[in-house]
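Residue numbers (the UniProt record's numbering): 1 to 266.
So this is what it looks like as structure tokens:
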């Protein structure tokens, strides 16, 4: 993004010089240069402050209206073995201030808690990897949309947690040197006590989930910020948010929704 902004600034300077050179030229020529300058300066402002001009190719959300043990969505794509990952998503909790439940859980044979994001009761938000736990300084209690990203690498078990584009916390020794096992089941909205099932209503997520993407590497802080403020559009290289890959069950609904355009008024 810095490189693009530099190129745009160079173009602005060139056009400014051209505008001076055209000071004695026709009114129409000067107007054309002014128009291009305004457009470029507007683009620079978007890069600096964020813009909702970027729309995801598959714009939809999963909604779970009440806390229960039967509403959820399932991602119908098998994950490969992973030695690092970044998971990003937009969340709007409707829990009413109690525990936010489980936005997602990934289970594999022999390990129900391979990757889980969970907030139970009055406990902090937790990231579980291979049943090992790190507490995350994240908060979803205001009923608004928030962009959440979790990055982890098996090397030293390093992890980072972002909310709304800003790094909130990081740590190490979370399931260090453990590879994420492949061919599990990824569920949105419920915590799995067995592979693909035995949901617990007290750990269910209530609210909306959109743009759940997964990469096999750690995104840079600049990339996370770009997604959060809707100036950059990145789809997960392992798991992109695509309509055909996400199926809702039990009364959970899937509806068209562009989070970058709709989060302020939804």
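A virtual CB, placed ideally from N, CA and C, is assigned to each residue, including glycine.
In this structure, the CA atom of residue 242 is about 14 Å from the CA atom of residue 88. Contact between residue 82 and residue 216 holds, with the beta-carbon distance rounding to 6 Å and staying under 8 Å.
Under DSSP, residue 246 shares a beta bridge with 75. Note that the C-beta distance between residue 218 and residue 84 is below 8 Å. When secondary structure is reduced to three states using DSSP, residue 174 falls in the coil class, being assigned neither helix nor strand. One thing to note: residue 94 has its Cβ within 8 Å of the Cβ of residue 206. Shown here for residue 158: same chain residues with a beta carbon closer than 6 Å to its own, the five before and five after excluded, namely 172 in chain order. Closest option to residue 102, judged by alpha-carbon separation, among 180, 58, 124 and 166: 124.
Unbroken beta strand (DSSP E) runs of no fewer than 3 residues, entirely contained in the segment 194–242, are found at 207–215, following chain order. In this structure, residue 229 lies away from residue 189, with their beta-carbon atoms at least 8 Å apart.
Taking C-alpha positions only, residue 202 is separated from residue 120 by approximately 8 Å.
If you check the CB distance, residue 134 and residue 174 come in under 8 Å.
In the DSSP annotation of this structure, residue 262 is not part of any beta strand (DSSP E); the continuous alpha helix (DSSP H) holding it starts and ends at 259–262. Residue 236 and residue 146 have their C-alpha atoms some 18 Å from each other.
A straight-line Cα-Cα distance of about 12 Å links residue 176 and residue 128. In chain order, 69, 191 and 193 place their CB closer than 7 Å to the CB of residue 200, counting only its own chain and leaving out the 5 sequence neighbours on each side.
Assignment of residue 94 by DSSP, reduced to helix, strand and coil, places it in the coil class. When DSSP states are grouped into helix, strand and coil, residue 101 belongs to the strand group.
Between the C-alpha atoms of residue 221 and residue 155 there is a straight-line separation of about 19 Å. Between residue 161 and residue 140, the CB-CB gap reaches or exceeds 8 Å. Residue 79 is positioned such that its CB atom lies closer than 8 Å to that of residue 184. Out of 182, 210 and 150, the CA that lies nearest to the CA of residue 110 is found in 182. Apart from the 5 residues on each side of it in sequence, residue 252 sits with its Cβ closer than 7 Å to the Cβ of 62, 63, 64, 71, 72, 73 and 189 in its chain, given in chain order.
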